Amino acid sequence: MTMKVLVSDPLSEDGLKILKDAGLNVDVNTGLSEEDLCKIIGDYDALIIRSGTKVTAKVIDAAKNLKVVGRAGVGVDNVDVPAATEKGILVMNTPAANTLSAAEHTCAMIMSLARNIPQAHMSMHKGEWKRSKFTGIELNGKTLGIIGVGRVGSEVARRLKHFNMDFLGYDPYLPKEVADEVGVKLTTLEDVIEHSDIMTIHTPLLPETRGMINLDQFKRMKPNAMLVNVARGGIVVEDDLYTALKDGIIKGAAFDVWEHEPLDEKEMKLLELENLIVTPHLGASTVEAQERVAVEVAEAAAKFLKEGVINNAINAPRGKLDPELAPFLPLAEDLGTIAQQLVGGPVKNMEVIYSGPVSKRDTKRIGIFAVIGVLNKIIGEKANIINAVSIAKSKGITYKESKLDDSSTYDAVEIKLEGTDGKITCVKGTVFAGVPRLTKLNGYTFEMPLQSDIFVARYKDQPGVIGAVGKAFGDNDVNIGQMVVARNEPNGTAMMVLTVDHDIKDDVAKKVIDAAGFEKAKFIAL
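Pasting the structure below:
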């Protein structure tokens, strides 16, 4: 059946053509209310939006077949990403497409502030000629503080270095060598605030960045300092911005983004301030940027729907899977399933440990498949690469990955689960000749291809056990496919793993356990 795409905000013809050329059924239906969107969204596999459509939890709940939400733009404030993640819906955006336009708009705002261009423009339209009133400053030799030296922040620095400006930057996630490449000196947020002549914001709106710039920060800025925000509304406390500008705490500001868009009645008072330059969220509003975001989101959505390739994802690992790592995905899922069934109860902690050459690769997807394996028998339905970690967290499972720094040439994935009773289960495996193999279980070493359901038993190492197991299964018409045994020492304890051709019923399992005298045994369905 042909997959269906709903485009609920305006998208360029080139973007629509990409979707149609991919063999997708495309409907354009813009200006929908939440209620109207909820009525129709259940019919669609993909939803393409800009900033107008609000993808709320209610919309997500109604989206019975939705696989992906594509945001033609950067910000996903209008998408309930946690709700989408919980339901296994991919959310993607176009982070690079707006970069140049946003950087250029920032530079335009900075130069408008420095030379009072909008104010002088309005004055002349009133028939005035007041040159002295609008005397500006040169950017030459001034210090620009950049909060968030990412895509846009670094492009701003690249352009304004030709004005002979100095740059201070605050970005806790940026390596020093990257900042050095664009000529930005990384320092603390406090240092940027206190020593910048002009400060520009380029961070996303996150819980830790909301209200980042408030009256306390304004009071620490230079008296003649100016502030630019072409990032997201909410990063600057707008009431405090009003106070800082009205009381002359800072000289001026230029804002393109707002807490509420369009502005609400409370925000309208900001427009009374002559030293505030305002634009209605025009950072990405260029012909070129609009075309790029449309093409980029259409290509990404089509590639995901048709090939399963994930690009520009907000809530899942990105890119195409390394073919050499592909066999490790079913291995990880099987190991997770085995470990969870051996625990037999609630899981508290989960760790995935990599060793050998595989540990040097991007293993994030392998780990997520291990989580999927653990969840398979817990939630009663198939988790996926998008929602697995979120579901695990909701079940109280703490998840982490570790990589052993060793010189082994043997690739291995190990899963360690701790139950709420404090008991730990360890399962290890590898891939050989493209086949997932179980190599270690709770300290016992062996090799067993994971190609069917398995029966695991621990017993006292003594003569006659293997024969008793074979006879017990044979008496109950159960055929053994393969069997491996391992022991820690002669006459100690041993472990047996075997495959069978069909499910073992509980009464048969009990007969085998009784006949062989197993300490512990478990049939595990893969």
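In our numbering, each residue carries its 1-based index in the sequence shown increased by 135.
Even glycine gets a Cβ: it sits at the ideal position worked out from N, Cα and C.
Predicted model, so just to flag it, every value in this text is computed and none were measured.
Buried or exposed (CB count within 10 angstroms, at least 16 for buried), residue i
i	result
D382	exposed
G276	exposed
P230	buried
D215	buried
G304	buried
Q597	exposed
L341	exposed
A114	This structure gives no information on residue 114, because the portion of the chain shown stretches from 136 to 661.
D144	buried
Assumed close pair residue i, residue j - CB separation to whole angstroms, cut-off 8 Å
i	j	result
I245	I333	6 Å
V620	A629	6 Å
Q475	I513	7 Å
N160	G177	About 15 Å separates the two Cβ atoms, so there is no contact after all.
N484	T533	5 Å
A651	V591	With 8 Å as the limit, A651 and V591 do not qualify as a contact, their Cβ atoms being about 13 Å apart.
Residue from the options whose Cα sits closest to the Cα of residue i
i	options	result
I615	G304, G602, Y594, K404	G602
V365	M356, A388, D374, E343	A388
H395	D212, K438, Y545, N299	D212
R427	A197, A255, A232, V604	A232
L146	D180, A207, G158, Y179	A207
V204	T421, S289, P415, A433	A433
L279	K311, L362, P253, P342	L362
N447	M227, E373, R367, G369	M227
K646	N626, F608, W264	F608
A518	G443, K528, I507	I507
G283	S494, T165, T322, R266	T322
L324	P339, P307, A238	P307
K657	Y594, N164, S186, D612	Y594
V422	E316, S236, L398	S236
S289	A238, K261, S267, L248	A238
N349	I384, N359, V319, P339	I384
F653	S537, V600, D642	V600
K606	T555, F581, D649, P310	D649
E624	D641, Y579, K640, D156	Y579
H297	E400, L274, I488, P481	L274
Residue range of the unbroken beta strand (DSSP E) whose run includes residue i
i	result
L573	570-576
Y377	From DSSP, Y377 is part of no beta strand (DSSP E) but of the alpha helix (DSSP H) over 373-381.
V509	No beta strand (DSSP E) contains V509, which is instead part of the alpha helix (DSSP H) from 499-514.
I589	589-595
D301	301-305
A389	387-390
E486	482-490
L182	181-184
Where the alpha helix (DSSP H) containing residue i begins and where it ends
i	result
R286	286-295
Q617	From DSSP, Q617 is part of no alpha helix (DSSP H) but of the beta strand (DSSP E) over 615-622.
E239	234-250
E221	216-221
R206	It is not in any alpha helix (DSSP H) - R206 instead sits in the beta strand (DSSP E) that spans 203-206.
I336	Note, I336: premise wrong, no alpha helix (DSSP H); beta strand (DSSP E) at 333-336.
P465	463-478
I648	641-651
I328	324-330
D603	Checking the sequence shown, residue 603 turns out to be Ala, not Asp. 600-610 is the span of the alpha helix (DSSP H), which, as asked, contains A603.
V562	First-last for V562: 559-567, but that is the beta strand (DSSP E), not the alpha helix (DSSP H).
V163	Taken as a continuous stretch (DSSP letters only), V163 belongs to no alpha helix (DSSP H), being part of the beta strand (DSSP E) at 160-163.
E312	311-316
G150	148-156
K528	523-529
E434	422-442
Contact set for residue i: own chain, Cβ-Cβ below 6 Å, skip 5 residues either direction
i	result
R355	I328, E329
G569	P462
S587	T634
P584	V570, R572
N251	F269, G271
D180	M138, K139, N200, K202
Residues near residue i by beta carbon distance below 7 Å, same chain, minus five either side
i	result
P465	P571
R496	D457, L460
D636	N614, G616
C173	K193, V194, A197
K499	P452
G491	S543, T544, Y545, D546, A547
W393	G368, E402
D149	E426, A429, V430
F353	D375, A379, I384, I385
Own chain residues within Cβ distance below 8 Å of residue i, not counting five before or after
i	result
E169	K189, T191, K193, V194
L408	Y377, L380, K381
K563	L470, A547, V548, E549, I550, L573, T574, K575, L576
K558	V478
G210	S186, N228, P339, L340, R367
Heavy atom of the ligand GDP within 8 Å of residue i beta-carbon
i	result
D457	No copy of the ligand GDP occurs in the structure displayed, which carries no ligand at all.
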